[in-house]
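Student:
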Amino acid sequence: MKYSLLYLFISVPVYLSGQQDTIPIREIIITGRQIPAEIPGFKKTSVDSLFQNNYSHLSFAELLSESSPVYIKSYGYGGSATTSFRGAGASHTQVTWNGININSPMPGQSDFSILVPGMSDNIHLSYGGASIYTGSGGFGGSVNLENKPVWSEKAQFYLSTGTGSFGHYSGSVRFRTGNSHFQTVTRLFMNASENNFPYINDVAASEPVRETRKNSRFRQNSFLEELYYKKGSGTLSAMIWYQSASRNLPGSMLMAQSGSGEKQNDESFRSIVGYESGKGKINYYLKGAWLVTNLDYTNRIASINSENNTNTFALKGGLETKIKSSTTINVTFNDEYTIVASNNYKENIFRNSASVTLSAQRKTGNRFGTSFLLRGIIDGQSLLLPDFAAGIEYRIFAYKDHFLKTGFSRNSRIPSMNDRYWNPGGNSSLKNEYALQYEAGYKLSRPVTESFTADAEITVFSTLVRDMIQWQPGEYSYWTARNIGNVNASGAESVISLKYKYNKINARLNAGYSFTRSVSGKRDDVFHTNQMMYIPINQANSSLNISRGRIYFFWITDFTGKRYITVDNTGFLPGYVLNNIISGLKIDLRKTSVDLNLRINNLFNSDYQTIAYHPQPGRSYFVTISFQMN
Numbered sequence: 002m003k004y005s006l007l008y009l010f011i012s013v014p015v016y017l018s019g020q021q022d023t024i025p026i027r028e029i030i031i032t033g034r035q036i037p038a039e040i041p042g043f044k045k046t047s048v049d050s051l052f053q054n055n056y057s058h059l060s061f062a063e064l065l066s067e068s069s070p071v072y073i074k075s076y077g078y079g080g081s082a083t084t085s086f087r088g089a090g091a092s093h094t095q096v097t098w099n100g101i102n103i104n105s106p107m108p109g110q111s112d113f114s115i116l117v118p119g120m121s122d123n124i125h126l127s128y129g130g131a132s133i134y135t136g137s138g139g140f141g142g143s144v145n146l147e148n149k150p151v152w153s154e155k156a157q158f159y160l161s162t163g164t165g166s167f168g169h170y171s172g173s174v175r176f177r178t179g180n181s182h183f184q185t186v187t188r189l190f191m192n193a194s195e196n197n198f199p200y201i202n203d204v205a206a207s208e209p210v211r212e213t214r215k216n217s218r219f220r221q222n223s224f225l226e227e228l229y230y231k232k233g234s235g236t237l238s239a240m241i242w243y244q245s246a247s248r249n250l251p252g253s254m255l256m257a258q259s260g261s262g263e264k265q266n267d268e269s270f271r272s273i274v275g276y277e278s279g280k281g282k283i284n285y286y287l288k289g290a291w292l293v294t295n296l297d298y299t300n301r302i303a304s305i306n307s308e309n310n311t312n313t314f315a316l317k318g319g320l321e322t323k324i325k326s327s328t329t330i331n332v333t334f335n336d337e338y339t340i341v342a343s344n345n346y347k348e349n350i351f352r353n354s355a356s357v358t359l360s361a362q363r364k365t366g367n368r369f370g371t372s373f374l375l376r377g378i379i380d381g382q383s384l385l386l387p388d389f390a391a392g393i394e395y396r397i398f399a400y401k402d403h404f405l406k407t408g409f410s411r412n413s414r415i416p417s418m419n420d421r422y423w424n425p426g427g428n429s430s431l432k433n434e435y436a437l438q439y440e441a442g443y444k445l446s447r448p449v450t451e452s453f454t455a456d457a458e459i460t461v462f463s464t465l466v467r468d469m470i471q472w473q474p475g476e477y478s479y480w481t482a483r484n485i486g487n488v489n490a491s492g493a494e495s496v497i498s499l500k501y502k503y504n505k506i507n508a509r510l511n512a513g514y515s516f517t518r519s520v521s522g523k524r525d526d527v528f529h530t531n532q533m534m535y536i537p538i539n540q541a542n543s544s545l546n547i548s549r550g551r552i553y554f555f556w557i558t559d560f561t562g563k564r565y566i567t568v569d570n571t572g573f574l575p576g577y578v579l580n581n582i583i584s585g586l587k588i589d590l591r592k593t594s595v596d597l598n599l600r601i602n603n604l605f606n607s608d609y610q611t612i613a614y615h616p617q618p619g620r621s622y623f624v625t626i627s628f629q630m631n
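Using our numbering, you'd call the opening residue of the sequence shown number 2 and step up by one each time.
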């Protein structure tokens, strides 16, 4: 019954005459989403800053799962968490930081459990073909983290600390100061948890047993320093981001919890130096980056001691020019040189990849927009077939925000270093993956009354991935990376945002639903009509935000449908609904504002798993107090 009510509530946007996740052209909401028309024909959204602030003590995994149609596959709090956009795999999500790709070059993906929302000012999501504008390989989409200076002479200090269930505590600091020519921003974050939550183990014995999660302690630290200097039209910037995480890794429910000694330490150092300037109709930028990652994994019982180190040097530059006021042309080059030292490789590995991109956008009047992109890629000494994208967006009625859009793209992905060189199982003969993607949609933004507005969007999409790389059991006792053929992912996404304001009352309802079918494209495969593992067919989320004066309240609902855990679709994890609430009070004390906040996770104590035999916590509480001084 509760699933039926949730479907009825979330599916409302599908039947409304207009839908949108993003219509207005500026800021968008991913929990109330709007699509900026920066890339005609494609879907791009931004996380609302108000919503983002409520996740300053959590990870990107929680933020994305509760505010977008992105599926998060997680081993639990502190355990690794990966994403699936539009039925694609974790390695088909690209993550960039101020335009620089920060995916680990070894697995070719990012762990969203150790990325912190508070380390960036803006978070943008690019879906499907839109991701090609930030880089290649994001068949599903991309997550783009952005830091921006605020040219003000006012200093600002922010301090927030919190504590909650299962020995969880965290703290964050942000200090910003400067003037109209120089700005500096310092961010600190610390997060730790015993993570010793109780759960019911109904698979290890004939009768269900109540157990407590062991060997699951987690600790994380982050530091980010930003420096900006502006003179005339030019801005020089430098950023350093250090991050470390130490976590014990608990086994599955099928194993005895005596403690395997399984542990993982992650450490990363990221730095960017850049310069951007503009004169007249021409803007340009140049930035260099040095990215270092260290990952050490140990398993005492299995006698595993895995040590992995990567160094990446990146150089990226771009030139933008405007022809009259309707056409913008961009030329971008990007070069990445990576060195990997791992005791899981036979030797140190070096890789160099480079690309040159030409893109253009044209807006004719206020009703018609087009976009085009062409990219050439060199992998080592091999020139790949060019990637491309083209999109069209049309305003149906003059001076009214009703849009039709469609886009098509070809996107390619170079195999990860592990795919090629892991020993044993890596395959240096792997082909590059590539995807042909199509999407079409309708979006609107409409003021119903002076106090009530509605934004909505519905998008249908189709992605054909060719030469898909997958690790499969080999002829011997280990798995091997192979090109398995084609995978088809298709579906639809709908989003609606309703806003109401009257006197001191502000209310916003954001809701979204996604339907995704991801199947093998090989007709000779007996399972070619079966859903790919760990890709939910149905997914939905909603958030209700009500505030009156200094009091605010959020109710967040997240529904994830059945996920199959075997190729033949006989084994599956049942669907689940999570409800979280946030309530707070803001107090103004002269130049200081205080925010008292209570968050209750999994309000109705649902029993669920996102990965088979790895339990998730039941109801939990987290209290924060934040101070901001201007």
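The beta-carbon is built from N, C-alpha and C at its ideal position, and this holds for glycine as well. Here the structure is a predicted model, which is why all the values come from computation and not from measurement.
From the DSSP output, in three-state form, read off Ile-31 for me.
Tutor: For the purposes of this step, residue 31 is taken as the residue at position 30 of the sequence shown. Low confidence applies to Ile-31: its pLDDT is 35, below 50, so where it sits in the model is not reliable, and the reading given next is rough at best. Looking at Ile-31 - three-state DSSP - the assignment turns out to be coil, as it is neither helix nor strand.
Student: From the DSSP output, which residues share a beta bridge with Ile-283?
Tutor: By one-based count along the sequence shown, residue 283 stands at place 282. DSSP lists Lys-280, Thr-322 as partners of Ile-283.
Student: State the Cα-Cα distance for the pair Tyr-285 and Leu-255, rounded to the nearest angstrom.
Tutor: Stepping through the sequence shown from its first residue, residue 285 is reached at position 284. Stepping through the sequence shown from its first residue, residue 255 is reached at position 254. Going from the Cα of Tyr-285 to the Cα of Leu-255 covers about 56 Å.
Student: With DSSP as the reference, please indicate the residues paired to Lys-432 in a beta bridge.
Tutor: Your numbering for residue 432 matches position 431 in the sequence shown. DSSP output for Lys-432 lists no bridge partner at all.
Student: What residue from Gly-80, Thr-358, Thr-339, Gly-262 has the CA that sits closest to Ile-350's CA?
Tutor: Residue 350 sits at position 349 when you count from the first residue of the sequence shown. Nearest of Gly-80, Thr-358, Thr-339, Gly-262 to Ile-350, Cα basis: Thr-339.
Student: List the DSSP bridge partners of Gln-617.
Tutor: As a position in the sequence shown, residue 617 is number 616, starting the count at 1. The partner list for Gln-617 (beta bridge, DSSP) is empty, contrary to what the question assumes.
Student: Work out the CA separation of Leu-59 and Thr-162 for me, nearest whole Å.
Tutor: For the purposes of this step, residue 162 is taken as the residue at position 161 of the sequence shown. For the purposes of this step, residue 59 is taken as the residue at position 58 of the sequence shown. Roughly 12 Å separates the two Cα atoms.
Student: By Cβ distance, which residues of its chain are closer than 8 Å to Glu-476, with the 5 residues on each side in sequence left out?
Tutor: In the sequence shown, the residue the question calls residue 476 occupies position 475. Closer than 8 Å at the Cβ level, and outside the excluded window around Glu-476, lies no residue.
Student: Between which two residues does the beta strand (DSSP E) carrying Tyr-477 extend?
Tutor: As a working note, residue 477 is residue 476 in the sequence shown. Where Tyr-477 is concerned, there is no enclosing beta strand (DSSP E), given that its DSSP letter is neither H nor E.
Student: Three-state secondary structure (DSSP) at Phe-61?
Tutor: The sequence position of residue 61 within the sequence shown is 60, counting from 1. In the structure shown, Phe-61 sits in a helix (DSSP, three-state: H, G or I).
Student: Could you tell me which residues DSSP puts in a beta bridge with Gly-572?
Tutor: Taking the sequence shown and counting its residues from 1, the one referred to as residue 572 is at position 571. Gly-572 pairs with nothing; no bridge assigned.
Student: Can you pull the DSSP bridge partners for Trp-556?
Tutor: Taking the first residue of the sequence shown as position 1, residue 556 is located at position 555. The partner list for Trp-556 (beta bridge, DSSP) reads Leu-545, Ile-582.
Student: Please report the straight-line C-alpha distance between Leu-405 and Asp-589, rounded to a whole angstrom.
Tutor: Working through the sequence shown from its first residue, we reach residue 405 at position 404. Working through the sequence shown from its first residue, we reach residue 589 at position 588. Distance between the alpha carbons of Leu-405 and Asp-589: 45 Å.
Student: Please check the pair Arg-220 and Ala-193, which I expect to be a contact at CB under 8 Å, by giving their CB distance rounded to whole angstroms.
Tutor: Working through the sequence shown from its first residue, we reach residue 220 at position 219. Working through the sequence shown from its first residue, we reach residue 193 at position 192. At roughly 4 Å, the Cβ-Cβ gap stays under 8 Å, so Arg-220 and Ala-193 are in contact.
Student: For the alpha helix (DSSP H) that contains Arg-376, what are its first and last residues?
Tutor: Translated into the one-based positions of the sequence shown, residue 376 becomes position 375. Where Arg-376 is concerned, there is no enclosing alpha helix (DSSP H), although the beta strand (DSSP E) it sits in stretches over 369–380.
Student: Out of Gly-318, Val-466, Asp-297, which has the shortest C-alpha to C-alpha gap to Gly-289?
Tutor: Residue mapping note: residue 289 aligns to position 288 of the sequence shown, counting from 1. Looking at the Cα atoms, Gly-318 is the closest of the given residues.
Student: Just mark Val-496 as buried or exposed, buried being the case when its beta carbon has 16 or more other beta carbons within 10 Å.
Tutor: For the purposes of this step, residue 496 is identified with residue 495 of the sequence shown, where counting begins at 1. It is buried - the Cβ of Val-496 has at least 16 other Cβ atoms within 10 Å.
Student: Quick one: Cα of Leu-316 to Cα of Leu-386, how far?
Tutor: For the purposes of this step, residue 316 is identified with residue 315 of the sequence shown, where counting begins at 1. For the purposes of this step, residue 386 is identified with residue 385 of the sequence shown, where counting begins at 1. Taking the straight line joining both Cα atoms gives about 22 Å.
Student: Who are the near neighbours of Lys-364 in its chain, counting only those whose CB is closer than 6 Å to its CB and skipping five residues on each side?
Tutor: Looking up residue 364 in the sequence shown gives position 363. Excluding residues within five positions, the ones whose Cβ falls inside 6 Å are Ser-327, Gly-370.
Student: Relative to the alpha-carbon of Asn-99, which residue among Asn-310, Gly-80, Asn-353, Ile-124 has its alpha-carbon at the smallest distance?
Tutor: Looking up residue 99 in the sequence shown gives position 98. The shortest Cα separation from Asn-99 among Asn-310, Gly-80, Asn-353, Ile-124 belongs to Ile-124.
Student: So, under 8 Å CB-CB, Lys-444 and Ala-457 are touching, yes? Tell me the CB distance rounded to an integer number of Å.
Tutor: Numbered from its first residue, the sequence shown carries residue 444 at position 443. Numbered from its first residue, the sequence shown carries residue 457 at position 456. So it is a contact: roughly 7 Å between Cβ atoms.
Student: How would you write the range of the beta strand (DSSP E) that Asn-54 sits in, first residue to last?
Tutor: Taking the sequence shown and counting its residues from 1, one reaches residue 54 at position 53. No beta strand (DSSP E) contains Asn-54, which is instead part of the alpha helix (DSSP H) from 50–54.
Student: How many Å lie between Lys-592 and Leu-225 at the Cα?
Tutor: As a position in the sequence shown, residue 592 is number 591, starting the count at 1. As a position in the sequence shown, residue 225 is number 224, starting the count at 1. So the alpha carbons of these two residues sit roughly 25 Å apart.
Student: Taking just the CA atoms, how far does His-169 sit from Gln-617?
Tutor: One-based indexing of the sequence shown puts residue 617 at position 616. One-based indexing of the sequence shown puts residue 169 at position 168. For Gln-617 and His-169, the distance between alpha carbons rounds to 15 Å.
Student: Could you give the uninterrupted runs of the beta strand (DSSP E) lying entirely in the segment 159–237, keeping only those of 3 residues or more?
Tutor: Counting only runs of 3 or more, we get 169–179, 183–194, 199–202, 210–213, 219–232.
Student: Are Gly-138 and Gln-110 closer than 8 Å when you measure CB to CB?
Tutor: The sequence position of residue 138 within the sequence shown is 137, counting from 1. The sequence position of residue 110 within the sequence shown is 109, counting from 1. Cβ atoms of Gly-138 and Gln-110: not closer than 8 Å.
Student: To the nearest angstrom, report how far apart Ile-31 and Asn-145 are at their CA atoms.
Tutor: Sequence index remark: in the sequence shown, residue 31 carries index 30 (1-based). Sequence index remark: in the sequence shown, residue 145 carries index 144 (1-based). Summary for Ile-31: the model assigns pLDDT 35, below 50, so the residue's position carries little reliability, and this model does not support an answer.
Student: Could you give the residue range of the alpha helix (DSSP H) that holds Arg-421?
Tutor: Here residue 421 is taken as the residue at index 420 of the sequence shown, counted from 1. Unbroken alpha helix (DSSP H) run through Arg-421: 418–422.
Student: Closer than 7 Å by C-beta to Gly-179: which residues in its own chain qualify, once you throw out the five before and the five after it? Chain order, please.
Tutor: Counting from 1 along the sequence shown, the entry for residue 179 is found at position 178. For Gly-179, where only same-chain residues beyond five positions count, the Cβ hits under 7 Å are Thr-185.
Student: Go through its chain and collect everything with a Cβ distance to Leu-320's Cβ below 6 Å, but skip five positions before and after it.
Tutor: Position 319 of the sequence shown, counted from the start, is the residue given in the question as residue 320. Correct list, in chain order: Tyr-285, Val-332.
Student: Buried or exposed: which applies to Gly-513, given that a residue is buried once 16 or more other Cβ atoms fall within 10 Å of its Cβ?
Tutor: Numbered from 1 along the sequence shown, position 512 holds the residue referred to as residue 513. It counts as buried.
Student: For Ala-700, which residues in the same chain have their Cβ closer than 6 Å to its Cβ, ignoring the five residues on either side in sequence?
Tutor: Because residue 700 is not part of the residues shown, which for the chain are 2 to 631, the question remains open.
Student: If you measure between the beta carbons of Leu-374 and Thr-358, is that distance less than 8 Å?
Tutor: Residue 374 sits at position 373 when you count from the first residue of the sequence shown. Residue 358 sits at position 357 when you count from the first residue of the sequence shown. Their beta carbons are under 8 Å apart, which means Leu-374 touches Thr-358 by this criterion.
Student: Tell me the DSSP bridge mates of Glu-337?
Tutor: Sequence index remark: in the sequence shown, residue 337 carries index 336 (1-based). Paired residues: Ala-315, Ser-354.
Student: So who's on the other strand from Gln-471, going by DSSP bridges?
Tutor: Taking the first residue of the sequence shown as 1, we reach residue 471 at position 470. Beta-bridge pairing links Gln-471 to Arg-483.
Student: Starting from Trp-98, follow the beta strand (DSSP E) in both directions and report where the run begins and ends.
Tutor: On the sequence shown, residue 98 is found 97 positions in, with the first residue counted as 1. Run containing Trp-98: 94–98, per the beta strand (DSSP E) assignment.
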